[in-house]
Structure formats: C-alpha cells, structure tokens
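Numbering (my numbering), first residue to last: 1 to 902.
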Amino acid sequence: MAAQETVDHKYVYDFSEGNKDLKDLLGGKGANLAEMTNLGLPVPPGFTITTEACQAYLVTGREPDGLAGQIEEHLEALERAMGKRLGDPQDPLLVSVRSGAKFSMPGMMETVLNVGLNDESVVGLSAQAGQNDRFAWDSYRRLIQMFGKTVCEVPGEEFEHALDDAKSAKGTHNDLDLDADDLRGLVDAYKKIFLKHTGREFPQQPREQLDLAIRAVFESWNAERAVLYRRQERIPADLGTAVNVVSMVFGNLGPDSGTGVAFTRDPASGAQGIYGDYLANAQGEDVVAGIRNTVPLNELERLDKKSYDELLGYMARLEEHYRDLCDIEFTIERGKLWMLQTRVGKRTAAAAFVIAGQLVDEGLIDLDEALHRVNGAQLAQLMFPRFQLDHEFQPVAKGIGASPGAASGKVVFTSARAVELAAEGESVILVRRETNPDDLNGMIAAKGILTSRGGKTSHAAVVARGMGKTCVSGADEIEVNVPAKRFTVAGQTVNEGDVVSIDGTTGKVYLGEVPVMPSEVVQYFEGSLDPEHIDNALVRAVHRIMTHADGKRRLAVRTNADTGADAARARRFGAEGIGLCRTEHMFLGDRRELVERLILARGADEREAALAALLPLQRADFVEIFREMDGLPVTVRLIDPPLHEFLPPLEQLAVNVAVAQERGEDVAKEEALLAAVRRMHEENPMLGLRGVRLGLVIPGLFAMQVRAIVEAAVECAQRGGDPKPEIMVPLVGAVQELETVRTEAEKIIEEVTREKAVEVLIGTMIEVPRAALTAGQIAEAAEFFSFGTNDLTQMGWGFSRDDVEGAFFWRYLELGIFGISPFESIDRDGVGRLVRIAAEEGRAARPGLKLGICGEHGGDPDSVHFFHEVGLDYVSCSPFRVPVARLEAGRAVVESGGSDSR
Ligand code: ADP
Ligand code: MG
Ligand code: MG
C-alpha cells in the first residue's frame, strides 16, 4: 500500500465523520466509536488518526506532512466542544490515546489513559472533581505508569512493585485503601522510576505527551508480540493501526463510578441474557488486569439501576443494529453512563451456531446470512469428543495435536494386541514410536494413537486424521520400548494395560482416565439425536443450518472409504457416494502371503494362481461396499502403491535370513523375498513403478481387479441392488496408458455383464502434471476425472510430502513462501491452476465429463470453495469431514452471491 503524503490528504476524522464500514481506514475501534456516535449513544467526543498516517509513519519513520496540523485542528475543536483545554492547570481536558487496527488484536497494542495531566493540572483536576485529591493523584500515577511502560519502555514490573510497596506500607491488599497522600507519594516514586530508566523527567507538556503517545501507538504495530500474533492469525503486516484520541471519562471518581464489559449474549454458549463484569471505582484497565475482583454485570442493577437500564437499552439497540453478538466496554462517571467501545464479539464454535440460529428466529438475519456466519472449522471442532478437565489433571507430556479429539484407554504397543483387546470391548490407546501401514488394523481398533516421533504429517497423523481418530504424535518426552511393552515418561513407567488419556487438539498426554464427553453433534449426524424432539440449542441450530447448506450447494459430497463400515458411516454423515475407494488395504493382513506369491511367481501359471486366489477376496470386499452405498456411485481406484510396499523391510528380511541360516533352517523363501526386495528397490518410490505403470507391467493384475469389481456389481444387481461402479486408473500421464487399460477392462466388463446389465464407468485420476496439461486428450478415453491433489501437489512442487514437512516447511511458513501448507489447503495459483486447466480442457473435449476431487483437500474449507469456483461436480473426503464439506459447499454458493458459478 503506497503511503499517501500530500499536505491536504485527510488523516484525521472526527467521530461524527466516520462509520462502521470504514474499518480499513479508521480501524475497528474507531469505526465503531463513530458508528455509536452517529447512533446517538453517549460516546465521549474524540477523533481518529487513520491507518494511512500510521503506514506513512512506519515507512518513513516520521509523521506525514499535514498530520500535526490536522491533529491541532481536531484537538481545538474537541477543546471547544468540551469547554476545556488539554492539560489546563485550572480545568484540564484529559484524553486517552488508543490503538485500534482493522482486525481486533486483543491486548497486542497499546493504550495510554489520562494524557494531559502534569504537576499543575493534577491540582485543577482535583478541584473540578470537588476537591477529590485521591482521584486526581490516582489518575496521575496511572498516566505515568502507562506512559512510562508504553511510550518509554520502562519495565512495567517496577511500577507494580512500587504500588505493592505502597500497599504493604499501608497494610492493605486493596488499592482503594490508598489515600491521596499515599498516591502523591506513589507519583513521586513513579517519577523516579521514569527518570532512572529514561534519563529524563516525566514530560510536563500536554501536547508533547499526546504526540509521543500517538507515535508509540504507531510503533506498537511492529512490537514483537503484535508481529507474532499477526503471523499466527494471518493478518497482513502492512495494515497499520489507527489511533483514537478520546476525551476521558472517569470511572474512578468514587463508589458511584465504575467501569465494565458487557456481552449481548453468552460468547461461550450463545445463550441469551446479560453477561459481563463490573468494577466500581476503577479505570478500564483494572478489569482486565484482574487487580480487584469484579462483580457480575447484573449486580449493577442494584448498584445503579438507572445506568443499568440505560445500558441494557443500548445493548439491545447495538445488537439490532449490528445484527450480531456485541462486545461492549463502558464506564460510569458519577451515575452517567459512557460507551467506550463496541465490536462484533468473538465466540466459541458452539456459540457461533447457536447465535446464528437465534438471530434467524428473531428475524434479524436470514438463513443465507446464518450460513455465512458459521464455518467448517467450527463444525469440525464440535464433532470431537472433549475431556472434562475440571478435575486436577496434569499432563505428563506434550506432543503435537495431530488429529483432534479426546481419548482414554489401556496402553497397547502392537497392532495385534490392540485388535485383541478391542474385540474384548476394551478401549485402547496404541502407543508406537511411529506407525506404518501394518499398524492399520490396530489404529482402526484403537480409540487413539500416541507416537513419540513424527509431526503433523507423519503416517500416524495423516491416517488418524483420515479416520477422524484422536492422535498425538511426536511426544518426544516419551521413551517407547515395544519389546518390553512399556514406555517411560517423566520418571514414570507405563506398562501395557495401564490407562492413559490423550488430547489430540492440545497434544497433551495424561496418566489415568480423564472423563470424556461424546459430541452431541456427531450423535445428531449419526441419527441418534432427533433435533426436532430434544431440547438442545446447539443440535437444533446445526440441523437447521446444515439443512439450508444442503439446499444451497451445487457440489455433491462423496467420501473416501475403503470398507463397508466406513461407507455406512459416511452415508449417515450425508455422503452421496464414494469418490475414492482404495484397494491397497485389500492386499494387507493375511493376504500379504498372496501378494508375495504374486511377486515371486515364476512364470504365468504361478502368477495367475496367485491372482485367482485374490479375486474372490476382493470381490467380497466390493460386494460389501456396493451394498452399503446402494444406489450411489462408488469410484474404485485400481492398485496404486509400489508392490514392494507389501513386502517386509529389507533389514528385517536380511536378519531373518541370517538367523535362519545360522539355525540351518530352510531359507529358500526368505532368500527369494530378499532378492525381490533388493531388485524392486527404488530411489524415489513416489515417482517409480506404481499406479497405471503396475497395471501395464504385471499381466493380469488390473484385469483381476476389474473382474472383481464388475462381478461384485453384477452379484449385487442380481440380488436387486443398484450398484454404480466407477473404475478409476491412477497416475495416468498420457492418454495411451488409459486407452490400454480401457481396452482390456472393456472386454472384461462386456463379458461379465452379459449375465446382468450393470453400467460401469471408466475414468482416471488427474494427479500427474502432464495429465492436467493434456486433459483434452485424456478426456477422449475417460468418462470422469478425479483430481488427486495430494500427488498433484507433490509433483507440482517437486517435493515428497513425507520428506519435506519436517525438513523445511517451518522455514517456508516463516518466510511467508507458504501462507499455509499446500497439503492442507490447495495452492490456488499453481496446483489449482492445473486443476482449472484440466477441468476446462477436459470438459471442452468431452461435454458432461464428470469432475471430482479425492485428495485430502476435499475436506478443507478453503479448498472446497475453490473447487466450487472451478465448477467440479463433487468433492470427496474422509467420512468425518463429510458434514464439513457439505457446510462449506453451501457457504461457497452463498458467498459467491448465490449464483451457480459453473
Ligand atoms: P484495548 O483495545 O486493549 O481494549 P482500549 O483502547 O479499549 O484498549 O482501552 C482499555 C480501557 O481503557 C477501555 O476498556 C476503557 O475502559 C479505558 N478507556 C479508554 N479510553 C477511555 C476514556 N476516554 N475514558 C475512560 N476510560 C477509557
Ligand atoms: Mg478495549
Ligand atoms: Mg495419488
């Protein structure tokens, strides 16, 4: 943003000149102060210095030309309006200097109160307050404290210690017991602290105080904590803050004065009512600082009924005006109420849904707006079980919150033991150093997974997220000893069967069982809570908004599911088919033996025998899935990973062979396997013999899978079902690859469906950049495309996910090369562009080509909006993410103005 710097550029706005829509220029606080002023609410007069002035200051290191003059003009106008002059010795006008950026950054930047007080005006202030010396000196010591800390970087503790000393000298804990003399003494002590740290006397010139405070607020934009906060919240670094200069009103003038905060609804639950805190005889910062105990806001009714009623009236007014929960700061000066701030309040995920629903009931917003005001991240949060941590539970370790939720159970160290205990009805937590594909059954059986190594994208983390299962990864304080069936942490030993609890949101690990509450929202999605017949505001709001989202959305939502159980669950969550059924798990467990036979086959006969043995097993898998998804499309991906992934690791085989030889046992098979593993070794398996390449190299492999799919479909159809199989070929980069597979598949389809007609579609994944760029050609041989955005991201960027996330992503995020990991949210400009090109050119070549996405991005809110924009037909995501995708697909329509963007 170019800093404007002409003399007549307007840098200062009176509150009467602004409004709530000018947040860019006036910051949130300034825009809302202006809005309240224009609504006729009692706001102390003042003006706002724009974010543009701040930007200019931050770029050039000095105030832009014209700013000083404009401040002078507005200050004079303020003085005329108030009938007082800044720092006048007889009757001083005092002001606060308050930061306020476009986005609220609570507690990140600075505010100085009581600017304009000095050794002379403190006497005038006292006189004007009816010889209230105590009040005047209290205000003065606050100015020196805040000014010293904020403007001159005097360590805040020094002032706090001096205040504590004054209190203990008086034998009290309550600052209200300090009288005028004590406070006068405190002012002297504060001035000494100021001099000691700054080498100068506390400035007595009111205008100098004001200018220095304004400059300090500008500079607070770049304070370290503000920079960190912005990075975390993804707030742009160049916005700058506005500065509000507000005439002071005093909550510390005695027991009939005070200050407080109020919410128009409960920001935790969304419940209607009066929420907030009040503190008598205090200035604003005391409430947050927790110096004295506040009382609940409704006590104010007893203390000052008139102000209370007036406040309630304004709260109702503001809610109606902003059509949302408002968060308000106010001060009462001798029975007169002043409004010092309002903003649309932050809230929990639950409150977001509940409030949106209430506002619809109240006629303040419509359902489109309600849908716009909630989001998928909030819904996802509400779908996890939570720990009830009101008891005294201390974490023993902290890892990475890899997959949210809360789980307690008995510790087990192997997949097999997890399956065993789970079958006996036990809750178990699978604890491993790290997991691998062999742990899959154990992960399915476990309530949660805990690893001592690996990050957010380790195998454990990614698979757990896919299953919606709680996972803490990389808890490196934990020493896992699998053979001894125990782990040690913080000097304690945890044995198999001991109970631990893990929180996948915070990454915390607890010993013992922490009680868990199931998610009501999940119970609702599963159909065990009927929203029409229960008294649960959250469930009713979620139901209402989801129903609206479903009515609005154009994108269909499918699920990634490999088993009948997953399919059934996803269907209850609203999935409209399967977008990705991986077949590789069908080669695991006791079927590995058959895969080994396939790999070791000497000649066609042995190979065909191995495939023939796999055929009925796969067919049975597909039958189950088609049955659960009856009437809905099921996209089955032919085998994708390199076959050596199904063989034991090299080291293990080498050891087995050595040990067996030692014992003089027959090692022929182990030796053959070892030789095969050596032969099949790849430097870059991700770019190696996998996907369609396997199908073209290993005769009969794809044919067996196609036959299993079509025979399963025919079997279902014969029993009166309505299967809709779609065969998907992975990793295609050239149309010829697809054509070859297609020719073979069509023969089989033709032959098998002779018995009973079933429509079978053949399509491909678009996951190699070349496929995206030649989509027009590939569409000639494909009835559908499904974007595999995980691989497309890896190959588009040229990095392999498993290698890079731990290695340098942190640095890229730090440097802002990524705003967010491209595996989490689709990189619209690069990978997204490939998707767009393929969608356009594919549809141009074959109108009506079905387009979907089955990468992890299918459940990511921002990515769902992108896929809506690009005009895909559906997104496919893990079962747990299906409701999130439904919600976001609806939001995408509302946010693009309700139009169908295709
Ligand atoms: P923050 O953004 O951290 O909330 P504010 O600028 O709102 O900081 O100031 C903190 C508190 O100081 C306010 O809540 C209010 O109570 C008090 N305050 C600010 N300006 C004035 C004023 N002009 N008169 C009285 N109190 C004020
Ligand atoms: Mg405030
Ligand atoms: Mg892939």
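Note that CB positions come from ideal geometry on N, CA and C, so glycine has one too. Given the structure is predicted, the values throughout are model-derived calculations rather than measurements.
Alpha helix (DSSP H) segment containing residue i, residue limits
i      : result
Phe159 : 156 to 170
Val59  : 51 to 60
Lys910 : Here the chain covers residues 1 to 902 and nothing more, so residue 910 does not appear.
Gly273 : Run containing Gly273: none in the alpha helix (DSSP H); it sits in the beta strand (DSSP E), 272 to 280.
Gln492 : Gln492 -> not in any alpha helix (DSSP H); beta strand (DSSP E) instead, spanning 492 to 495.
Leu903 : What the structure shows of the chain is the stretch from 1 to 902, and residue 903 is not part of that stretch, so it cannot be assessed.
Asn790 : 789 to 797
Tyr524 : 520 to 525
Gly100 : It is not in any alpha helix (DSSP H) - Gly100 instead sits in the beta strand (DSSP E) that spans 95 to 101.
Status (buried if at least 16 other CB within 10 Å, exposed otherwise) for residue i
i      : result
Asn481 : exposed
Ser99  : buried
Trp137 : buried
Arg902 : Reliability fails at Arg902, whose pLDDT of 37 lies under 50, so the model's placement of it is uncertain and no value is given.
Ala757 : exposed
Pro616 : exposed
Gln358 : buried
Val819 : First, the amino acid is wrong: residue 819 is Gly here, not Val. Exposed, by the Cβ-count rule.
Pro730 : buried
Gly890 : buried
Ser528 : exposed
Leu25  : buried
Lys724 : buried
Leu815 : exposed
Gln145 : buried
Trp810 : exposed
Ser899 : Residue placement at Ser899 cannot be trusted, given a pLDDT of 47 that sits under 50; what the coordinates show is reported in the next sentence. The residue is exposed, with fewer than 16 neighbouring Cβ atoms inside 10 Å.
Asp390 : exposed
Leu887 : buried
9 angstroms Cβ cutoff met for residue i and residue j
i      : j      : result
Val903 : Gly512 : No information on residue 903 is available, as it lies outside the stretch 1 to 902 that the chain covers here.
Leu632 : Leu872 : no
Ile449 : Val472 : yes
Leu253 : Phe159 : no
Met546 : Ser878 : no
Ala892 : His857 : no
Phe646 : Arg592 : yes
Thr470 : Ala407 : yes
Glu201 : Leu210 : no
Leu279 : Thr259 : yes
Gln388 : Val516 : yes
Gln204 : Glu120 : yes
Leu650 : Ile599 : no
Ile778 : Ile766 : yes
Gly148 : Gly116 : no
Glu208 : Thr150 : no
His321 : Leu39  : yes
Val411 : Asp498 : yes
Arg846 : Ala782 : yes
Those residues which DSSP pairs with residue i across a bridge
i      : result
Glu333 : Lys336
Ile429 : Val411, Gly448
Lys398 : Lys508
Gly357 : According to DSSP, Gly357 bridges with nothing at all.
Ile502 : Ala407, Val509
Ile578 : Thr559, Val634
Range of the contiguous beta strand (DSSP E) that encloses residue i
i      : result
Ile449 : 448 to 451
Met728 : 724 to 729
Thr764 : 761 to 766
Ile837 : No beta strand (DSSP E) holds Ile837; the alpha helix (DSSP H) holding it covers 831 to 845.
Gln904 : Because the chain here runs from 1 to 902, residue 904 falls outside it and cannot be looked at.
Arg263 : A small fix is needed here, since residue 263 is Phe in this sequence, not Arg. 258 to 265 is the extent of the beta strand (DSSP E) around Phe263.
Leu113 : 111 to 115
I'd like to know if the stretch 34 to 44 and the stretch 12 to 26 are in contact, where contact means that at least 3 CB-CB pairs between them fall below 8 angstroms.
yes
Would you check if there are 3 or more beta carbon pairs closer than 8 angstroms linking the stretch 256 to 265 to the stretch 55 to 64?
no
Pairing CB atoms from the stretch 776 to 789 with CB atoms from the stretch 850 to 858, are three or more of them under 8 angstroms?
yes
Are the stretch 437 to 454 and the stretch 406 to 424 touching, with three or more C-beta to C-beta distances below 8 angstroms?
yes
With three or more C-beta pairs closer than 8 angstroms as the rule, is the stretch 48 to 62 touching the stretch 352 to 372?
no
Could you tell me whether the stretch 673 to 688 touches the stretch 650 to 665, where touching means 3 or more Cβ pairs closer than 8 angstroms?
yes
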